[in-house]
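Written out below as structure tokens is the structure these notes cover.
Protein chains in written order, with our numbering: chain A, 1 to 245; chain B, 1 to 103.
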């Protein structure tokens with residue numbers, strides 16, 4: 001804020017940052033606000049379509065998949081890699097949630113290290129953030145593959161045939177929009193994670209090359225950090241809407 | 001690389017900023033665990049959905065306020081981000097009403 005003293009006369013002479021945040025940071029905030037609206041629209045669409053479809057009314061233990069009602073989420077997402085045939089409801093998605101929260105934590109630590117101009121620590125924590133993001137994407141790839149291939153038993157559809165897994169036209173878990181919304185919303189979030197990991201790699205490269213050390217501040221780490229936390233924030237909502245409710 | 005120690009304050013648990021981050025991490029993990037317990041041991045009804053919504057908003061608050069540092073920005077920036085979110089609540093109420101209108 002040392003520039004303020006130079007332009008004593010009027011704030012219109014420039015040299016001042018509105019809201020005491022740099023241009024880049026402010027624009028990142030407003031971009032994230034608009035992105036929040038996009039995700040809200042998607043999740044509200046999910047809620048609307050879900051409540052338009054009949055819910056399963058029987059006992060939870062006797063639940064079976066049927067295209068006539070919306071499935072119970074914990075009955076759909078109960079598979080874990082390497083543990084084939086064992087019902088572990090929501091365990092895998094719980095692991096994914098913690099991976100993303102932890103990669104958000106390492107990002108905060110990278111930003112904090114940046115404030116102290118500690119290049120080595122920024123490198124270390126950015127590295128862990130990238131690892132966490134990549135691990136999350138790997139988990140999601142497995143989750144999608146499992147969702148598409150389906151269970152061994154499959155589900156008898158309305159026309160009498162047995163169908164396994166899911167595509168955009170029909171799925172074994174419930175009404176067609178169930179799989180469509182799953183693909184679209186977790187896919188849109190996954191695309192955000194992917195672009196976040198790519199941005200993190202670019203910034204990590206710059207950190208290692210000493211670009212920000214020369215510049216005198218690590219604000220780029222902060223900006224990409226804002227985006228990364230937003231991705232985690234969206235997951236918190238996707239997690240509630242898709243896997244819990 | 002030679003400038004890596006500009007300030008006396010170092011990383012690690014003694015740094016108050018790092019401590020704060022760990023406290024928030026513990027809160028977020030704790031809330032997530034509570035959500036899991038609710039998912040398995042609480043009957044699926046509207047009151048559970050409301051509990052999920054409240055817990056989710058708490059988690060969102062901690063992520064935005066502490067991790068994204070919004071709590072420590074100037075007031076005008078905080079309100080510029082928070083006030084437009086009111087439209088989302090309008091949207092939710094409108095669409096839930098519409099969704100319920102078609103049995």
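Beta carbons are placed, not taken as given, at the ideal position from N, Cα and C, and that holds for glycine.
query: If you measure between the beta carbons of residue 200/A and residue 228/A, is that distance less than 8 Å?; result: yes
query: Does residue 84/B have its Cβ less than 8 Å from a Cβ in chain A?; result: yes
query: For residue 175/A, count neighbouring Cβ atoms within 10 angstroms of its own Cβ and tell me buried if that reaches 16, exposed if not.; result: buried
query: Out of curiosity, what's the CA-to-CA distance linking residue 28/A and residue 21/B?; result: 22 Å
query: What does the alpha-carbon distance come out to for the pair residue 84/B and residue 49/A?; result: 25 Å
query: Classify residue 10/A: buried if its beta carbon has 16 or more other beta carbons within 10 angstroms, exposed otherwise.; result: exposed
query: Using a Cβ cut-off of 8 Å (strictly closer), state whether residue 118/B contacts chain A.; result: This structure does not reach residue 118/B, given that chain B is present from 1 up to 103, and the question cannot be answered.
query: Under 8 Å between C-beta atoms, does residue 95/B make it to chain A?; result: yes
query: Could you please give me the residues that DSSP links to residue 55/A through a beta bridge?; result: 70/A
query: Since residue 244/A is in the alpha helix (DSSP H), which residue starts that stretch and which ends it?; result: Here residue 244/A belongs to no alpha helix (DSSP H), and DSSP marks it neither H nor E.
query: Pick out whichever of 83/A, 220/A, 77/A has its Cα sitting closest to the Cα of residue 24/A.; result: 220/A
query: In the segment 189 to 221 of chain A, which residue ranges form an unbroken alpha helix (DSSP H) of at least 4 residues, counting only runs that do not cross its ends?; result: 211 to 215
query: If you count every other CB in all the chains shown that lies within 10 Å of the CB of residue 71/A, and 16 or more means buried, which is it?; result: buried
query: Between residue 146/A and residue 244/A, what straight-line distance do the alpha-carbon atoms span, to the nearest angstrom?; result: 19 Å
query: Drop a sphere of 10 angstroms on the beta-carbon of residue 13/A, count the other beta-carbons inside from all chains shown, and report buried for 16 or more, exposed for fewer.; result: exposed
query: Which two residues bound the contiguous alpha helix (DSSP H) that contains residue 77/A?; result: Careful: residue 77/A lies outside any alpha helix (DSSP H) and carries neither H nor E.
query: Looking at the structure shown, is residue 106/A part of a helix, part of a strand, or coil, going by DSSP?; result: helix
query: Assess contact between the segment 164 to 183 of chain A and the segment 84 to 94 of chain A, defined as three or more Cβ pairs (one per stretch) separated by less than 8 Å. Is contact present?; result: no
query: Following the continuous alpha helix (DSSP H) through residue 49/B, name the residue where it begins and the one where it ends.; result: 46 to 62
query: Contact criterion: CB-CB distance below 8 Å. Does residue 229/A meet it with respect to chain B?; result: yes
query: How far does the alpha helix (DSSP H) with residue 79/B in it extend, from its first residue to its last?; result: 75 to 82
query: Scan the segment 101 to 114 of chain A for residues whose Cβ lies nearer than 9 Å to a Cβ of chain B and list them as they occur along the chain.; result: 101, 102, 104, 105, 107, 108, 109, 111, 112, 113
query: Assuming residue 166/A and residue 150/A are in contact, meaning their beta carbons sit under 8 Å apart, how far apart are those beta carbons, in whole angstroms?; result: 7 Å
query: Identify each residue in the segment 67 to 85 of chain A for which the Cβ-Cβ distance to at least one residue of chain B is less than 8 Å, and report them in chain order.; result: 72, 74
query: Give the single residue among 72/B, 90/B, 34/B, 92/B whose Cα lies nearest to the Cα of residue 20/A.; result: 72/B
query: So residue 186/A contacts chain B; which residues on that side make the cut at Cβ distance below 8 Å?; result: Those within 8 Å of residue 186/A in chain B number zero; the least Cβ separation is about 17 Å.
query: Between residue 70/B and the rest of its own chain, which residues show a CB-CB distance below 8 Å, the 5 nearest in sequence each way excluded?; result: 64, 77, 78, 81
query: With DSSP as the reference, identify every bridge partner of residue 156/A, one or two as the case may be.; result: 162/A
query: Which whole-angstrom value describes the C-beta separation of residue 173/A and residue 65/A, a residue pair presumed to lie in contact below a C-beta threshold of 8 Å?; result: 5 Å
query: Grab the span of the alpha helix (DSSP H) containing residue 61/A for me, first residue to last.; result: It is not in any alpha helix (DSSP H) - residue 61/A carries neither H nor E in the DSSP assignment.
query: Whole angstroms are fine: how far does the CA of residue 31/A sit from the CA of residue 18/B?; result: 28 Å
query: Quick check on the burial criterion: 16 or more other C-beta atoms within 10 angstroms. Buried or exposed for residue 24/B?; result: buried
query: Report, in whole angstroms, the separation of the C-beta atoms of residue 132/A and residue 106/A, which I expect to be a contact under 8 Å.; result: 6 Å
query: By DSSP's criteria, residue 171/A is part of a beta bridge. Which residues make up the other side?; result: 166/A
query: So, is the C-beta of residue 47/B closer than 8 Å to a C-beta in chain A?; result: no
query: So residue 236/A contacts chain B; which residues on that side make the cut at Cβ distance below 8 Å?; result: 56, 59, 60, 63
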